[in-house]
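Quick notes on the structure that follows.
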Amino acid sequence: MTTFVQFHLLTTYPPSNPNRDDQGRPKQATVGDTPRLRLSSQSLKRAIRESDYFQGGLGDHLGTRTKRLATELAEELIDQGVEPAKAREIAVRIGQVFTKIETPRKGEEMGTNGTTLAFVSPDEWGLARELANKAHAGEELPEAKELEKRILRRADGAVDVAMFGRMLADSPEYNREAAVQVAHAITTHRAQSEEDWFSGVDDLNKREDTGAGHLGENAFGSGVFYLYACVDIDLLIENLAGDRKLAGRGVDALVRALATATPRGKQNSHAHHPRAMYLRAERGKAQPRDLSGAFFKAVSGDLEQVSIARLEELADQLDRAYGPCAEETLVMKVRAGCGTLDEIAAFAAGSVSRA
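For the sequence shown, this note's numbering begins at 1031 and goes up steadily by one.
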């Protein structure tokens, strides 16, 4: 049976705007007829991938999410002295393995940017570069299907691709099912966006001049956010071609990033660098379940402590009704001096060797 490791986090954000909607305001959601602030799953996963724990700790084992693979290949070939039109032709042939290439307007040269983002692993990028160099040396590129076989991989050493999956619409046999699910984070209590009117002073204004040099508005919000994430340990190992050591390193980095990484919208304006005040890790083979229902009715009062109490109460109630969801549970409560991030990271990463 599959081993699942689930994480439940409560993190207090100061006034900030880490994840904006199309109008520049903090993203929101209505839960239980109550307005809440929200951090999208997509923004959280990007923050995890960009965290020091991933970028510094996993080195060459990270993929690249891009529409520009063909553009980068063309620029590399041009730098090697290949005539630009020939470089673009080679790069486009290879780039089409990952994404359709933008159709040029009438009278324009063929472009190299793709139409959709693709998750490209380091292995695949290396194979694409190798084929481009061989084509530059005179070797004929194979046809599309053979190109796919020469470049695309179903499993490799890209931890973030293994965790968060990918979809290649034209090559579904090379899709990757995500081993890690990350929910949208929501405030446990009623919370709405606020507006900040501000002005900027012109340093060279004469003393007798009146008025500001700049006027503007900025939206922000604050609150205690509940975040849920679940790791399918067996699928993660499979996606990494059985490399348990790398899977363990990935889970360790994931735990640390979940507790510390944040979307960086307006970070220079608000300096939001929150850390999880509560982290519950659960390991077991039962079907996963999130605990967002604890906050369907918005909490009030001491928001952090009431949120913790509500979350633990629902976990106990569900275990009584359905049977234990986890065989083992480890909790970190910062204000109570209970548990450490190192302990939970070791607990979660150790699940790989037990799977």
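Glycine included, each C-beta is placed from N, C-alpha and C at the ideal position.
All values derive from a computational prediction rather than experimental measurement.
Are there 16 or more other CB atoms within 10 angstroms of the CB of A1115, so buried, or fewer, so exposed?
-> Within 10 angstroms of the beta-carbon of A1115 lie fewer than 16 other beta-carbons, which makes it exposed.
Between which two residues does the alpha helix (DSSP H) harbouring Y1352 extend?
-> Counted as a single uninterrupted DSSP element, the alpha helix (DSSP H) harbouring Y1352 occupies residues L1333 to Y1352.
Measure from the C-beta of F1255 to each C-beta in chain B and report whether the shortest distance is under 8 Å.
-> Among the chains in the structure shown there is no chain B, since it carries only a single protein chain.
For S1046, the three-state DSSP class (helix, strand or coil) = If DSSP states are grouped into helix, strand and coil, S1046 belongs with the strands.
Should the stretch 1091-1109 be regarded as contacting the stretch 1152-1171, the criterion being three or more beta carbon pairs within less than 8 Å?
-> Under the 8 Å Cβ criterion, the stretch 1091-1109 counts as touching the stretch 1152-1171, having at least three qualifying pairs.
W1227 to F1250 span [Cα, whole Å] = The straight-line gap from Cα to Cα measures roughly 11 Å.
Which word fits S1381, buried or exposed, when buried means at least 16 other C-beta atoms lie within 10 angstroms of its C-beta?
-> That one is buried.
Whole-Å CB distance - P1056 paired with S1223, under 8 Å assumed | Contact flag correct, Cβ pair sits at about 5 Å.
Less than 8 Å separating the beta-carbons of L1309 and G1323?
-> No, the pair does not count as a contact, with Cβ atoms beyond the cut-off.
Tell me, please, whether the stretch 1181-1198 touches the stretch 1209-1219 by the rule of three or more beta-carbon pairs shorter than 8 Å.
-> These segments touch.
Cα separation between G1314 and A1259?
-> Distance between the alpha carbons of G1314 and A1259: 14 Å.
Helix, strand or coil at F1377 [DSSP, three-state] | Helix.
DSSP three-state assignment for P1172, whether helix, strand or coil = Shown here, P1172 sits in coil according to DSSP, grouped into three states, outside any helix or strand.
With contact counted as at least three CB pairs below 8 Å, one residue from each stretch, are the stretch 1068-1083 and the stretch 1327-1336 in contact?
-> Taking 8 Å as the limit for Cβ pairs, the verdict is that the stretch 1327-1336 does not touch the stretch 1068-1083.
Using 10 angstroms around the beta-carbon of Y1256, count the other beta-carbons present and answer buried if the total reaches 16, otherwise exposed.
-> Buried, since its Cβ has 16 or more Cβ neighbours within 10 Å.
Mind pulling the beta strand (DSSP E) runs of 3 or more residues that sit fully within the stretch 1188-1215?
-> Scanning the stretch 1188-1215 for uninterrupted beta strand (DSSP E) segments of 3 residues or longer gives 1210-1212, listed from N- to C-terminal end.
Select from R1076, I1374, I1338 and T1096 the residue whose C-alpha is nearest the C-alpha of K1130.
-> Measuring from the Cα of K1130, the nearest candidate turns out to be T1096.
Going by alpha carbons, who is nearest to Q1297 out of N1248, L1171, A1316 and R1123?
-> Checking every option, the nearest Cα to that of Q1297 belongs to N1248.
Can you grab the Cα-Cα spacing for the pair E1177 / G1280, in whole Å?
-> Note that residue 1177 corresponds to Leu in the displayed sequence, not to Glu. Their backbone Cα atoms lie some 30 Å apart in a straight line.
Taking DSSP as the reference, what is the three-state secondary structure of E1080?
-> Helix.
So what does DSSP say about L1266, is it helix, strand or coil?
-> L1266 falls in the helix class under three-state DSSP.
Coarse secondary structure for V1285, derived from DSSP in three states = In the structure shown, V1285 falls within a helical segment according to DSSP collapsed to helix, strand and coil.
So, L1067 versus T1217, is the Cβ gap smaller than 8 Å?
-> In this structure, the beta-carbon distance from L1067 to T1217 falls below 8 Å.
Straight-line Cα distance separating Q1126 from R1135 = Straight-line Cα distance between these residues: approximately 18 Å.
Which of the three DSSP states, helix, strand or coil, is assigned to P1056?
-> DSSP, reduced to helix, strand and coil, places P1056 within a strand of the structure shown.
Rounded separation between T1319 and C1355 - CA only = In the sequence as displayed, the identity of residue 1319 is Arg instead of Thr. Each residue's Cα considered, the two are about 8 Å apart.
Three-state class that DSSP yields for H1244 in the structure shown | It is a strand residue.
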